[in-house]
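Below: one structure, written as structure tokens.
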Amino acid sequence: MHPEVVSDGPGDCPKCGMPLEQVPGLGPVDDSHANAEIRQLSLKFWLGLFLSLPVLAVAMAPMLGLSPEAWIPRSISRWVELVLATVVVFGTGGGFFVKGARSLRGWNLNMFTLIAMGVGAAYLYSAVAVLWPGLFPASFRHHDEVELYFEAAAIITVLVNLGQLLEAKARRRTGQAIQALIGLAAKSATLLKPDGKEEEVDIEDLHPGDRLQVRPGEKIPVDGIILEGGSTIDESMLTGEPLPVRKQAGDAVVGATINQTGSFVMEARKVGADTMLSQIVRLVAEAQRSRAPIQKTADRVAAWFVPAVLVAAILTFSAWAVWGPQPALALGLVNAVSVLIIACPCALGLATPVSIMVGVGRAAQAGILIKDAEAIETTGKIDTLVMDKTGTLTAGKPSVTDFETSGAEEAEALAAANALERHSEHPLARAIVAFAAERGSDSPALENFEATPGGGVSASIGDAHWHLGSRMFLKSHGASFPVALVTANERHQREAKTSVWLAKGEEAVALFAISDAVKESTPAAIETLHGLGIRLIMATGDQETTARAVAEPLKIDEIHAGLSPEDKIRLIRELKASGRRVAMAGDGINDAPALAEADLGIAMGTGTDVAIESAHLTLVKGDLRGVAHAITASKAVMRNIRQNLFFAFFYNAAGIPLAAGALYPLTGHLLNPMIAGAAMSLSSVSVITNALRLRKMRLG
């Protein structure tokens, strides 16, 4: 439960005493230790229960009107209780004392501190009463006999073991989402050799550039691009969407998705730890180990809670010793033990981490990758969403619809643009390169290449210096604009097309008009986000006419066009300064600074790696509906955490007065330490059970 605690092998956390969990994504998952832990706890529980029942029967028989002395003398039964309780307490519960002693040495007080002290006090008191009864004064005696509490020590040990067993099983279930992701990876692939022969190889033996044959029904082995053929692909493991996606030559495919109907040849692009699935596993693992801000509050409470419980136990014993009825000291000890046991903060330590683990895993199954636990808490609080246009609102697959020149040969201008844009990752650049390829254009060699994020690119080709990018970018380099191209640009803007300008020296010589259709899912996503009370703002580097042509039909609240990356950061800061909780959604390199600056950066999974690394949250499918789903998930997880903290803290804290005997003056009854032990275990189990409900939360 403490991310900073890392070990090379299995063991117990030196801070909280809980078993360490293997970090998913850092090598093969080894369930053997977890399974061995469950088997060991199961053996301890059943053995302890078997040996504790006779002790419980002897202790409880008088309360039921039975006389155990009819079949076993009291002088013998006390020794039987001692022997059986010793085996239970130290044989099946010895680990509690080891962890309790370790917590005292490092002063990391935790649940095992209280368990060891409570069980130890009840056992030690009873053992001394059997071995040296003469040491006790009359005030400790009831009917001329010192009361024994072996049954409390034994049954509490059994109950704690039961709680640990249930927790171990539940913890294994909390990681099922990520284990399922790891298990999705293909194990082998069909490699096409240069001579055309096929060979079955392990995934670990693949390299970028390998040609692979994928047949119907097979898992796609690694990330790559289709070279020949086509098919429909089931990408539900990435996006959560059940409908298959049609793919053909030139389209990207992702490893672990399932080929359905067709057969195709693909080229491996990313293998091993670079694949999308590996990145998902890594991101989910890191998020599950991170701590939400609300956890800091729980940590501060826990740091004071255990010392406060120790003080409460001492005060309870003292109060009963001074003002309690006879045998006052014995009753004081019993009540102090009950306080120590019922207030164990195990559930408090589990309250936040288990909800984070289950919630992050469930979100990943829906195609929402959460970078850390803080992002979960932040997502549900956002009230403003700033969105880039290309690749966020639109499909991010732009194509050149018009190419016009003035003052330069068409072939020369197209070749220069092709060479310049081959060095850019921007979707508009890819559209120009694809257009040039269709025209059979050359790609001459460049010199002095320079890229300006959010502006454009420049380079020398032969004796000429070329600039390609936005109109503002060309103006910054002193370019002039022919009337014919300006007129064409105005027409393209009215048609919601983006213009990319090309200048030779200080004169604009060509204009590319690029169209990028709005995603089919965008209108519904905008409507849903408005329904959640989110203010929607478009922030794009495109010209205002084009931006408005896209934004106004979608009923976006604000439009900011012609922005550079610095302008987007400034906009984010202004919104934050006005008290807004701002999320930024984008997919390009030029969006990365704004993604990092926002309270919540949301990257489209279809975008660049830089944008994804800068963001706090990634939508694998690149669908804005994922933002609404993420908000729903955030609110569900935070609600679950608050419920768990209530169960853990207020439930245990409310039990302390009962354990201390607050109701004794009214009812004449005390809380049996065994009941306190059962309540402590049930509080932990209730926390885990509540967290596991998140596995079935509806996100859309």
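The numbering used here applies: residue 43 is where the sequence shown begins, and numbers increase by one.
Quick reminder that beta carbons are idealized off the backbone N, C-alpha and C, glycines included.
6 Å CB neighbourhood of GLN206 in its chain, flanking five on each side removed:
LEU83
Less than 7 Å between C-beta atoms, sequence neighbours within five positions excluded: which residues of the same chain meet that for VAL243?
SER230, ALA231, LEU233
Just to confirm, are THR434 and ALA627 a CB contact at a threshold of 7 Å?
yes
So, do the stretch 423-432 and the stretch 580-587 have three or more beta carbon pairs nearer to each other than 8 Å?
yes
Give the straight-line distance between the Cα atoms of THR426 and LEU613, rounded to the nearest whole angstrom.
12 Å
Residue nearest to SER94 in terms of C-alpha spacing, selected from VAL727, LEU201, LEU741, GLU79:
LEU201
Using a Cβ-Cβ cut-off of 6 Å (strictly less than) and excluding sequence neighbours within five positions of MET159, which residues of its own chain qualify?
LEU382
DSSP on ALA312, reduced to helix/strand/coil?
A quick correction: the sequence has Lys, not Ala, at residue 312. In this structure, LYS312 counts as strand in the three-state DSSP scheme.
The alpha helix (DSSP H) with ILE418 in it runs from where to where?
415-421
Ordered list of beta strand (DSSP E) runs contained in the stretch 611-674, each at least 3 residues:
624-628, 642-646, 659-661
For LEU151 versus VAL348, is the C-beta spacing smaller than 7 Å?
yes
Assuming LEU713 and ALA408 make a contact with CB atoms under 8 Å, what is their CB distance in whole Å?
Their Cβ separation, rounded to whole angstroms, is 45 Å, which puts LEU713 and ALA408 out of contact at 8 Å.
For HIS572: DSSP bridge partner residues:
Answer is none; HIS572 lacks a bridge partner.
What is the DSSP secondary structure of TRP88, reduced to helix, strand or coil?
helix
Return the first residue and the last residue of the alpha helix (DSSP H) that VAL376 is part of.
370-384
For GLY547, which residues of its own chain have a beta-carbon under 7 Å away from its beta-carbon, when the five flanking residues on both sides are left out?
ALA506, HIS507
Using three-state DSSP, classify ALA452 as helix, strand or coil.
As written in the sequence, residue 452 is Glu, which differs from the Ala given in the question. Note: GLU452 maps to helix in three-state DSSP.
If you follow the alpha helix (DSSP H) that LYS141 is part of, which residue opens it and which one closes it?
136-147
Run through DSSP, which three-state label would VAL499 get?
strand
Could you pull the DSSP bridge partners for MET580 from this structure?
MET429, ILE601
Any chance you could list the alpha helix (DSSP H) runs of at least 4 consecutive residues sitting entirely within the stretch 227-283, in chain order?
278-281
6 Å CB neighbourhood of GLY282 in its chain, flanking five on each side removed:
Because the pLDDT at GLY282 is just 49, under 50, the model does not fix this residue reliably, and the value given afterwards should be weighed accordingly. Taken in chain order, the residues that qualify are ALA408, GLY409.
Need the endpoints of the beta strand (DSSP E) that GLN585 sits in, please.
Here GLN585 belongs to no beta strand (DSSP E), and DSSP marks it neither H nor E.
Would you list the residues sitting across from LEU522 in a DSSP beta bridge?
Per the sequence shown, residue 522 should be read as Ser rather than Leu. In DSSP, SER522 forms a bridge with GLU549.
Residue from ARG513, SER512, PRO495, ALA487 whose Cα sits closest to the Cα of ALA767:
No statement about residue 767 is possible, as the shown extent of the chain runs from 43 to 742 and does not include it.
Are there 16 or more other CB atoms within 10 angstroms of the CB of ASP633, so buried, or fewer, so exposed?
buried
Span separating the alpha-carbon of PHE689 from that of VAL307:
55 Å
Among the candidates GLY710, LEU724, VAL729, whose CA atom is the shortest distance from the CA of PRO367?
GLY710
For ALA459 versus ILE474, is the C-beta spacing smaller than 7 Å?
yes
Spatial distance of ASN686 from THR394 (CA atoms)
7 Å
Cα-Cα separation between SER320 and GLY304, rounded to whole angstroms:
26 Å
In whole angstroms, what is the alpha-carbon distance linking SER557 and ARG681?
43 Å
Could you spell out where the alpha helix (DSSP H) holding LEU708 opens and where it closes?
706-709
Whole-Å CB distance - ASN301 paired with VAL256, under 8 Å assumed:
5 Å
Report the residue from HIS658, TYR191, VAL662 whose alpha carbon sits nearest the alpha carbon of SER676.
HIS658
Within the same chain, show all residues whose beta-carbon is closer than 6 Å to that of ASP293, passing over the 5 residues directly before and after it, in chain order.
ILE268
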